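*Asks:*
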Amino acid sequence: MTRDILDINDFTILVEVADSDKIITDSCYFDEPVIAVALYGSGNVHLSMKYGNEQRDYDHTKGLALSFYADERVECEHTVSAEKSLQCIVIATSPKNLQKLPNNEGELFSELLGQLVKPSDHYVEGPRFFMTPEMQHIVDGIFKNTYEGKAKMMFFRSQITALLSHFFWQLSTLKDDGIKNIEREKLYEAKEILSNNLDTPPSLTELSRQIGLNTFKLKKDFKELFGVPVFKYLQNERMTKAHELIRKNEATVQEAAWHVGYDSLSSFSNAFAKKFGFRPSEIRR
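Numbering (the numbering used here), first residue to last: 43 to 327.
(1) Count the CB pairs spanning the segment 238 to 245 and the segment 276 to 284 that are closer than 8 Å, and state whether there are at least three.
(2) For the alpha helix (DSSP H) that Val272 lies in, which residues bound it at each end?
(3) Measure the alpha-carbon distance for Asp73 versus Asp163 and round it to whole angstroms.
(4) Candidates Tyr82, Glu297 and Val132: which alpha carbon is nearest Thr54's?
(5) Quick one: using the 10 Å Cβ neighbour count with 16 as the cut-off for buried, is Met177 buried or exposed?
(6) Confirm the yes/no value for this check: CB of Gly148, any heavy atom of the ligand HEM, distance under 7 Å.
(7) What would DSSP say about Ser306, mapped onto helix, strand or coil?
(8) Look up Tyr100 in the DSSP assignment and give the residues it is bridged to.
(9) Drop a sphere of 10 angstroms on the beta-carbon of Phe172, count the other beta-carbons inside from all chains shown, and report buried for 16 or more, exposed for fewer.
(10) Counting C-beta neighbours from all protein chains within 10 Å, is the total for Ile253 16 or more, i.e. buried, or is it exposed?
(11) Measuring only the C-alpha atoms, how far is Tyr71 from Phe310?
(12) Determine, using beta carbons only, whether Asn86 and Glu234 come nearer to each other than 8 Å.
(13) Enumerate in chain order the residues of its own chain whose CB-to-CB distance from Thr257 is below 7 Å, with the five nearest sequence positions on each side excluded.
(14) Sort Ala60, Leu229 and Val76 by Cα distance to Ser109 and report the nearest one.
(15) Quick one: complete alpha helix (DSSP H) runs, 4+ long, within the segment 165 to 245?
(16) Check whether the Cβ atoms of Leu128 and Glu58 lie closer than 8 Å to each other.
(17) Would Asp263 and Ile221 be called neighbours here (beta carbons separated by less than 8 Å)?
(18) Going by C-alpha to C-alpha distance, which of Glu266, Ser308, Cys118 and Met196 sits closest to Val166?
(19) Check each candidate in Val302, Glu149, Gly191 and Ala112 and name the one with the smallest Cα separation from Asp46.
(20) If I'm right that Ile65 touches Thr103 with Cβ under 8 Å, what's the distance once you round it to whole angstroms?
(21) What's the gap between the Cα of His285 and the Cα of Lys160?
(22) Please say whether Glu147 and Leu213 have beta carbons closer to each other than 8 Å?
(23) Three-state secondary structure (DSSP) at Arg251?
(24) What span of residues does the beta strand (DSSP E) with Phe53 cover, start to end?
(25) Thinking just about the alpha-carbon of each residue, which of Thr67, Pro271, Lys138 and Pro175 is nearest to the one in His88?
(26) List the DSSP bridge partners of Ser311.
(27) Relative to the alpha-carbon of Cys130, which residue among Leu155, Lys261 and Gly183 has its alpha-carbon at the smallest distance?
(28) Might you give, ordered along the chain, the residues of its own chain that have their beta carbon closer than 6 Å to the beta carbon of Asn317, omitting 5 neighbours on each side?
(29) Following the continuous beta strand (DSSP E) through Leu106, name the residue where it begins and the one where it ends.
(30) Restricting to Cα atoms, I'd like to know which of Ser152, Phe198 and Ser136 is closest to Ser210.
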């Protein structure tokens, strides 16, 4: 487990990364009441928010942007395992600091996260959604950064500002998509099934059967919730995973192609070039 804590303009930024060959749990408490946004990178863990006899659980965290209020009684617990690593950024501020935030950011919190500014419990969940590609790109860049010292602080300051801008813009444009909570959870499950089976993904019919949602609803609501069709999401995940394997020297181009379900190297290379604008053999390791 690595954990960086930075203070930027009355925000406390927590950056956590963890991998484990066995199941472990990592928990933390907040020193004071906070309003926070948690953003999850390529890791995919189980999250529990515990307070008193109450508990809120989140099983599909990859790509999640979750806003919440929590006080000192709330325990934030991540379950990490070999198949579910942790990449998490928490941007937090104290409610008493809202009026001090620069660029009228405090007003955005009050307007778009009103239930968190005036909480009704020790833990209150605010809006949550899956990040846009632009937000995901920023989050990935934060986890890959190699800056140190003052340059690192400058980098984080710019990236956190960009993330908050994207986050509040998304909130301001979100509409009631009419998807019931139980159906929402099924779509999160479908997303995780696809991510965990890049080499042999289920057909739409089989995926519908696994999550208990008919094919029409799956196709329609998946695009509504995640912004891309089922096949497009699968394709993006495949290429992103292949890029990571090659960049980290964990696989050759041919092995990466097999890992994400391609038997034809030429087809894989063409799909990769369409996604990133260059061939997999051109990745600088």
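The beta-carbon is built from N, C-alpha and C at its ideal position, and this holds for glycine as well.
This one's a predicted model, so the numbers in the text were calculated from it and none came from an experiment.
*Replies:* To lay it out plainly:
(1) yes
(2) Val272 to Arg289
(3) 17 Å
(4) Val132
(5) buried
(6) This structure lacks the ligand HEM, and indeed carries no ligand of any kind.
(7) coil
(8) Leu89
(9) buried
(10) buried
(11) 45 Å
(12) yes
(13) Leu246, Thr247 and Ser250
(14) Val76
(15) 175 to 186, 191 to 215 and 223 to 238
(16) yes
(17) yes
(18) Cys118
(19) Gly191
(20) Incorrect: roughly 16 Å between the Cβ atoms, too far for contact.
(21) 44 Å
(22) no
(23) helix
(24) Phe53 to Ala60
(25) Thr67
(26) DSSP, once it has assigned bridges, lists no residue as partnering Ser311.
(27) Gly183
(28) Residue identity differs from the one stated: residue 317 is Lys in this sequence, not Asn. Same-chain partners within the cutoff: Met281.
(29) Leu106 to Ala112
(30) Looking at the sequence shown, residue 210 is not Ser but Phe. Measuring from the Cα of Phe210, the nearest candidate turns out to be Ser152.
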